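Only one structure is covered here, and it is reproduced in the block below.
In our numbering, the protein residues as written are 15 to 162.
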């Protein structure tokens with residue numbers, strides 16, 4: 015395993031002023047390195063901080079799939095585990111036979127929570143449900159409990 019040289023990492027990041035983002039490295043609960051650089055909104059001159067939250071949209075699908083597969087490897091879930099057996103939330107408008115496999119392969123039949131028929135601008139969605147308020151599944155799952 016390669017030993018991390020924090021001083022060298024700091025020098026490498028500083029030598030790339032075009033880098034715009036946040037880096038955080040943690041090991042065994044201890045922060046080894048934190049650095050914020052560049053802009054999260056160049057047009058308005060808003061700089062990144064260690065608290066900047068980035069909207070990665072569908073980029074999180076990969077992380078979710080990997081986390082689910084780790085749970086499957088640990089025999090805590092299976093691809094045929096039903097959603098109703100995972101969450102203590104009633105979804106009366108979602109088929110009770112919906113499985114983890116359906117969710118991961120986007121074959122669940124659950125509609126997109128952005129309905130183009132009722133909203134003309136995707137940004138309108140975040141007026142009612144600001145992204146920064148969605149920190150835990152319980153913050154956004156209730157959006158799917160209502161009927162179509």
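Don't be surprised by glycine CBs; every beta carbon is placed ideally from N, CA and C. No experiment lies behind these values; they were computed from the predicted model shown.
Alpha-carbon spacing of residue 77 relative to residue 32, whole angstroms: For the purposes of this step, residue 77 is taken as the residue at position 63 of the chain shown. For the purposes of this step, residue 32 is taken as the residue at position 18 of the chain shown. In this structure, the straight-line span from the alpha carbon of residue 77 to that of residue 32 is close to 26 Å.
Proximity below 8 Å, CB of residue 60 to CB of residue 36: For the purposes of this step, residue 60 is taken as residue 46 along the chain shown, with counting starting at 1. For the purposes of this step, residue 36 is taken as residue 22 along the chain shown, with counting starting at 1. No, these two residues do not count as a Cβ contact at 8 Å.
Coil, strand or helix - residue 39 by DSSP: If you number the chain shown from 1, residue 39 lands on position 25. Three-state DSSP puts residue 39 in a strand.
Beta-bridge partners of residue 51, as assigned by DSSP: By 1-based counting over the chain shown, the position of residue 51 is 37. Answer is 35, bridged to residue 51.
Distance between residue 25 and residue 44 (C-alpha atoms, nearest Å): Here residue 44 corresponds to residue number 30 of the chain shown, with the count starting at 1. Here residue 25 corresponds to residue number 11 of the chain shown, with the count starting at 1. Their Cα atoms are separated by approximately 21 Å.
Proximity of residue 113 and residue 96 at Cβ, strictly below 8 Å: To locate residue 113, count along the chain shown from 1; it is residue 99. To locate residue 96, count along the chain shown from 1; it is residue 82. It is a contact, given that the beta carbons lie within the stated cut-off.
Three-state secondary structure assigned by DSSP to residue 117: Locating residue 117 in the chain shown gives position 103, counting from the first residue. It is helical.
Distance between residue 124 and residue 108 (C-alpha atoms, nearest Å): The sequence position of residue 108 within the chain shown is 94, counting from 1. The sequence position of residue 124 within the chain shown is 110, counting from 1. Approximately 7 Å, taken between the alpha carbons.
Residue environment, residue 42, which counts as buried when at least 16 other CB atoms sit within 10 Å: By 1-based counting over the chain shown, the position of residue 42 is 28. Exposed, by the Cβ-count rule.
Spatial distance of residue 162 from residue 73 (CA atoms): As a working note, residue 162 is residue 148 in the chain shown. As a working note, residue 73 is residue 59 in the chain shown. Unreliable placement is indicated for residue 162, whose pLDDT of 41 sits below 50; the coordinate value is still reported in the next sentence. Distance between the alpha carbons of residue 162 and residue 73 is about 27 Å.
CB of residue 62 within 8 Å of CB of residue 29, strictly: By one-based count along the chain shown, residue 62 stands at place 48. By one-based count along the chain shown, residue 29 stands at place 15. No; because the gap between Cβ atoms is not below 8 Å, this pair is not in contact.
Cβ-Cβ distance between residue 85 and residue 47 below 8 Å: In the chain shown, the residue the question calls residue 85 occupies position 71. In the chain shown, the residue the question calls residue 47 occupies position 33. It is not a contact, given that the beta carbons lie outside the stated cut-off.
Residue nearest to residue 52 in terms of C-alpha spacing, selected from 111, 39, 66: One-based indexing of the chain shown puts residue 52 at position 38. Measuring from the Cα of residue 52, the nearest candidate turns out to be 66.
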